[in-house]
Amino acid sequence: MNMKKIIYMIALFWAAIGMISCEKEVKDYDGEEGVYFYVQWGAEWGDTTKWANQSYTPVEFVNILGDTYEVKVRVMSTGRVKDYDRTFQMVVDKDSTTAVVNQNYEPFEEMQVIKAGQTYADVVIHLKRNENIMEVEKVLGLRLLPTNDFIIGIPEWGKLAGMWSSEGSSEFDASVHKIIMSDFIVKPARWIGGVYDQPGDTESGRWGVFTVKKYKLICDQFDLTYEDFQTEATMPGAKQAVIQEHMANYLQELYDKGTPVLEDDGRLMWFMGVSWTSVVGVPWVPEQ
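Letter by letter, the sequence shown follows residues -16 to 271 in my numbering.
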């Protein structure tokens, strides 16, 4: 490690300490002020001040209620606190981005401000749920560019003593941050259905065959996320029974009104307690 990089690491250490008070100096060397991404996350237990700086932010829409989500991306500055606003530039990094504007994320202002008396700014990125992340994850890459007020402050991030290791690699380009979006839905651990779910099988169990459509309908009715279906603590047997009874009554009421809910293969959606049987792959034929 050369002397310049050592100085940057020392500066980064003081930057972390300086977040406690914006009045403190965050770098004790002369030179141009710079900016870098300082996005932290980690395990929910332990001391969050020791969370590592991360090169990416994972966003799993399967665990999010609603179709939009806000991500706060923190940009830190090196150098001394100033008594005037300073501008930095953040753009979409085309080389790493597969996400589609207006489908996966909303456009954002490229020119951002670190306010007077501050050493950082939290830029809010608005993400959107879209069908194109149900099978393949999408990446929104963000890149910092130099301005009249700032250069790129940290050319490469390295692990700091006393802080946890970053996911993937502890050394990465601190001028780039990636937001990785997905919405993968597979049968959760606490789905209480029958063991037969192949074409020609008759649905059985409390909830019957798992389908994404049925799962989403349960979530809409009970304000649940995917994590709620994963453990016995969040989905005990009593709760499973309540869901089964409610969904059976709900589907039965719609059926009786002549507006039944159908699965993608055309069969009637099924829960234990409805008045019909449902065979996988066999469309429902209304009585004449």
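For every residue, glycine included, the Cβ atom is placed at its ideal position computed from N, Cα and C.
Fair warning: this is a prediction, and the values are worked out from it, not measured in the lab.
What is the C-beta distance between MET255 and GLY188, in whole angstroms, given that I count them as a contact (C-beta under 8 Å)? 7 Å
What's the gap between the Cα of ASP156 and the Cα of ASP50? 31 Å
What does the alpha-carbon distance come out to for the pair PRO182 and VAL265? 8 Å
Thinking just about the alpha-carbon of each residue, which of ASN85, VAL45, GLY249 is nearest to the one in PRO269? GLY249
Relative to the alpha-carbon of GLN213, which residue among GLU154, VAL169, SER258 has its alpha-carbon at the smallest distance? VAL169
For GLN95, list the residues DSSP reports as bridge partners. PHE71
Cutting at 7 Å between CB atoms, please list the residues of its own chain near ASN36, excluding the five before and the five after it. TYR21, VAL22, GLN23, TRP140, SER149
In or out: ASN131 buried (at least 16 other Cβ within 10 Å) or exposed? exposed
Could you tell me the distance, in whole angstroms, from the CA atom of ASP180 to the CA atom of LEU251? 14 Å
According to DSSP, which residues form a beta bridge with TRP140? PHE155
Quick one: complete alpha helix (DSSP H) runs, 4+ long, within the stretch 185 to 210? 195 to 205
Could you check where the beta strand (DSSP E) with ILE226 kicks off and where it finishes? Where ILE226 is concerned, there is no enclosing beta strand (DSSP E), although the alpha helix (DSSP H) it sits in stretches over 220 to 239.
From what residue to what residue does the beta strand (DSSP E) around ALA104 run? 103 to 111
Which of helix, strand or coil DSSP assigns to LEU244: According to the sequence provided, residue 244 is Val. The question's Leu does not apply to it. Coil at VAL244, not helix or strand.
DSSP three-state assignment for THR51, whether helix, strand or coil: strand
Nearest-angstrom beta carbon gap, SER165 and VAL71 [assumed within contact, 8 Å]: It is worth fixing the name first, because residue 71 is Phe in this sequence and not Val. So it is not a contact: roughly 29 Å between Cβ atoms.
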